[in-house]
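A.B. asks: Just so we're aligned: the sequence shown equals residues 1 to 556 in UniProt numbering. Using N, Cα and C, we set each Cβ at its ideal position, and we do this for glycine too.
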Amino acid sequence: MKSDIEIAQSAEMKEITDIAADLGFDRDDIEQYGRYKAKVKLTTYDRFLKRNDGKLVLVTAITPTPAGEGKTTTTVGLGQALNRLGKKAVIALREPSLGPTMGIKGGAAGGGYSQVLPMEDINLHFTGDIHAIGMAHNLLSAVLDNHIKQGNKLGIDPTNISWTRVVDMNDRALRNIVVGLGGKAHGIPREDHFMITVASEIMAILCLANNLKELKEKIGKIVVGYNYDGKAVTCNDLKVAGAMTALLREAIKPNLVQTLENTPAFIHGGPFANIAHGCNSIIATKLALKSGEIAVTEAGFGADLGAEKFFNIKCRYAGLHPDAVVLVATVRALKLHGGVSLDNLREENLTALKKGMDNLAKHIENIASFGLPLVVAINKFPDDSNEELAFIKERCWSIGVAVELSDVWARGGKGGIALAQKLIDILNKNESNFRYLYDTAFSIKEKIKLIAQEIYGADGVDFSKKACQQIDKYTESGYDKLPVCMAKTQSSISDNPVLKGRPRGFRVSVREINLSAGAGFLVPLTGPVLTMPGLPAQPSAELIDIDAAGKITGLF
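1. Note down the Cα distance separating Val57 from Gly460, rounded to an integer number of angstroms.
2. Quick check: the Cα distance between Asp425 and Arg84, rounded to an integer number of angstroms?
3. Which complete alpha helix (DSSP H) runs does the stretch 9–96 hold, if anything under 4 residues is left out?
4. Is the Cβ-Cβ distance between Pro158 and Ile177 less than 7 Å?
5. Among Asp46, Gly527, Asn255, Ser141, which one has its Cα closest to the Cα of Lys239?
6. Name the one or two DSSP bridge partners that Phe194 has.
7. Would you kindly work out how many angstroms separate the C-alpha atoms of Ile161 and Gly155, rounded to a whole number?
8. What are the start and end residues of the beta strand (DSSP E) that includes Ile177?
9. Can you name, in chain order, every residue of its own chain whose Cβ lies under 7 Å from the Cβ of Ile205, other than the five neighbours on each side?
10. In terms of residues, what are the limits of the alpha helix (DSSP H) holding Arg411?
11. Rounded to whole angstroms, what's the CA-CA distance from Ala537 to Gly99? Just pull it up for me.
12. Quick check on this structure: which residue in Glu201, Thr65, Ile267, Val167 has the alpha carbon closest to the alpha carbon of Val328?
13. Taking C-alpha atoms, which residue in Ser341, Gly412, Trp409, Leu256 lies nearest to Glu31?
14. Ile222 by DSSP, collapsed to three states: which one?
15. Using the beta-carbon count (16 or more within 10 Å), is Ile399 buried or exposed?
16. Name the two residues that bound the continuous beta strand (DSSP E) containing Gln507.
17. Please tell me whether Asp29 and Thr44 are closer than 7 Å, where the distance is taken between their beta carbons.
18. Taking the runs of the alpha helix (DSSP H) that are 4 residues or longer, which of them lie wholly in the stretch 227–269?
19. Would you kindly report the start and end of the unbroken beta strand (DSSP E) that includes Ser114?
20. Could you tell me which residues DSSP puts in a beta bridge with Asn379?
21. Hey, would you say Asp545 sits closer than 7 Å to Gly554, going by beta carbons?
22. Compare the Cα-Cα distances from Ile471 to each of Leu522, His268, Asn123 and report the closest residue.
23. Look at the alpha carbon of Tyr226 and the alpha carbon of Thr234, and state the distance between them as a whole number of angstroms.
24. Please state the DSSP three-state secondary structure of Phe301.
25. Give a yes or no on whether the C-beta atoms belonging to Val484 and Ile448 are separated by under 7 Å.
26. Could you tell me which of Glu15, Ala61, Met13, Ala21 sits nearest to Gly300, measuring between CA atoms?
27. Pick helix, strand or coil for Leu535, following the three-state DSSP scheme.
28. Compare the beta carbon distance of Pro533 and Asn170 with 7 Å and say whether it is the shorter of the two.
29. Could you round the C-beta distance between Leu372 and Ala324 to whole angstroms and report it? I think they count as a contact, below 8 Å.
30. When the distance is taken between beta carbons, is Ile283 closer than 7 Å to Pro254?
31. Are Lys422 and Ala402 touching if we call contact CB-CB under 7 Å?
32. Label His186 either buried or exposed according to how many other C-beta atoms from any shown protein chain fall within 10 Å of its C-beta, with 16 as the threshold for buried.
33. Would the beta-carbon of Ala89 fall within 7 Å of that of Gly292?
34. Quick check on the burial criterion: 16 or more other C-beta atoms within 10 angstroms. Buried or exposed for Ala108?
35. Cys279 bridges to which residues according to DSSP?
36. Measuring straight from C-alpha to C-alpha, what distance separates Ala541 and Lys39?
Here it is, written out as structure tokens:
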């Protein structure tokens, strides 16, 4: 079979104006970025908000292997399959970050015959949104240090600055740095840090804002640090919210592209789910809801991360009411959770598969706790045995959970017909009783404990002295009523990446809590999770190349 990029490069794309027309847009509603990409104007978004909503379907997954379980591929393939069944389906996805693209995962625009196009563009710079977010973030960083250098009228304490710098690359060497070296003319020396751009609060704000006015207001509320009296210093205090918003004028507009089978797809925003809230923008999701019968969207990593944050943060701020969930599972991930090493996942092992089913069962329980109907999608891989696939089906049936095989990677929309039909049946027969896990009026500790105990299955939570001090400070400042956005490893339901399956008898450790006042949530840092990833021993960048004609290879 051809590689993903070879399949993408041989696809027949429609003009983006035709894709827009299928959604009810005219030429004045979009701004073209060449023949196959466009941004949708915010005036168009405002007009479409008056339409009725379609059905909202979230695609999430069990705890993944390092390479991922094909959640984006399933989302794309499911959208294609729904359209084959006569449903007007529209997809809403996140934008890939260059860090993972050049790191361990390669391209992140789906796979096989279920991809979004143009694949190279989407994976490499796209329409420049992530770069704009990085520039807006680093503008604030530069202005902050310049303010201190130029007299520090706000009395900012250089040892109590929470705002970092960002770059859209996995670069562990930048996690801890010192700035301002070289003498008085070069600034005030202080310790600083880098995060990956998609972990920036600016990214979260962009994805949770409905318009430019709201975007500017949220940016202005960002807390960059504290003065010598312990009072918070905001972006508004530094007077650059307007300039930062100006840099994001185009980035806030959602991007319209298409799949291999010409299904419309909005791709907008890309926060990580292990260190941010992991969902595409409210604007993109609402546009998908308003322009189709069924909007299919995704949330990053496992359901303990992306789905939990989608429900408790994004749906809360956007007023969204999801109708159903598709939970992606794979034979290889279940065997990993059953004790098989990464090197042996291709070998049939029913014993390990049976043991690993505990991981799937916990995610099923979690989704049910939000009052939502679901279907398990078994994303098929070439090495899966018929016995392994049958075992997963039988186990799901035994506990009364709908399940279907998904072969969208190899067969595109055709390989997702059974899954799409099962989803349609669920949407027609089951009413969503969606509910949040917690009330934001709960204390900070109560919200964190609820997530740790109900979603992760922990016995309790241990807060460091620093975290307790921060909780007291945030409570005194009125930030205790914000939802929480847990920063946790994606490799385990627990906060320990080594614990596979369904961990029991563990406690979650919260070492510190960061405030994202602009985005509107608190970020408890648990276990060893990092906000700046590193590259693997052999980065995917070593496989990516381009010839003299400009043809790219090796993206996946």
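C.D. replies: Reading it off the structure:
1. One Cα belongs to Val57, the other to Gly460, and the distance between them is close to 32 Å.
2. If I take the Cα positions, the gap works out to 15 Å.
3. You should have 16–22, 42–48, 71–84.
4. In this structure, Pro158 lies away from Ile177, with their beta-carbon atoms at least 7 Å apart.
5. When only C-alpha atoms are compared, the closest one is Ser141.
6. The beta-bridge partner set that DSSP reports for Phe194 consists of Arg165.
7. Rounded to the nearest angstrom, the two C-alpha atoms are 12 Å apart.
8. It spans 177–179 - the beta strand (DSSP E) in which Ile177 sits, taken as one unbroken run.
9. Answer for Ile205: Leu215, Lys218, Ile219, Gly518, Ala519, listed in chain order.
10. For Arg411, the enclosing alpha helix (DSSP H) stretches over residues 408–411.
11. Linking Ala537 to Gly99 through their CA atoms gives a straight-line distance of about 14 Å.
12. The shortest C-alpha to C-alpha distance from Val328 to any of Glu201, Thr65, Ile267, Val167 is the one to Thr65.
13. Out of Ser341, Gly412, Trp409, Leu256, Leu256 has the C-alpha closest to the C-alpha of Glu31.
14. In this structure, Ile222 counts as coil in the three-state DSSP scheme.
15. The residue in question, Ile399, is exposed, as its Cβ has fewer than 16 Cβ neighbours within 10 Å.
16. Before going further, note that residue 507 is Arg rather than Gln in the sequence given. DSSP places Arg507 in the uninterrupted beta strand (DSSP E) bounded by 507–516.
17. Going by beta carbons, Asp29 and Thr44 fall inside the 7 Å limit.
18. For the stretch 227–269, the continuous alpha helix (DSSP H) assignments of 4+ residues that do not extend past its boundaries occur at 235–238, 241–247, in sequence order.
19. It spans 114–117 - the beta strand (DSSP E) in which Ser114 sits, taken as one unbroken run.
20. Beta-bridge pairing links Asn379 to Ser406.
21. In this structure, Gly554 lies closer than 7 Å to Asp545 by Cβ.
22. Minimum Cα distance to Ile471 is reached at Leu522.
23. Taking the straight line joining both Cα atoms gives about 9 Å.
24. Correct three-state label for Phe301: coil.
25. In this structure, Ile448 lies closer than 7 Å to Val484 by Cβ.
26. Ala61 is the residue among Glu15, Ala61, Met13, Ala21 whose C-alpha sits nearest the C-alpha of Gly300.
27. The three-state secondary structure of Leu535, taken from DSSP, is coil.
28. Yes, they are a contact pair.
29. Right, their Cβ atoms sit about 6 Å apart.
30. Yes, Cβ-Cβ distance for Pro254 and Ile283 is below 7 Å.
31. The Cβ atoms of Lys422 and Ala402 sit closer than 7 Å to each other.
32. Result: exposed.
33. Against a cut-off of 7 Å, the Cβ pair of Gly292 and Ala89 comes out as a contact.
34. Buried.
35. DSSP output for Cys279 lists Ala299 as bridge partner(s).
36. Those two C-alpha atoms are separated by around 28 Å.
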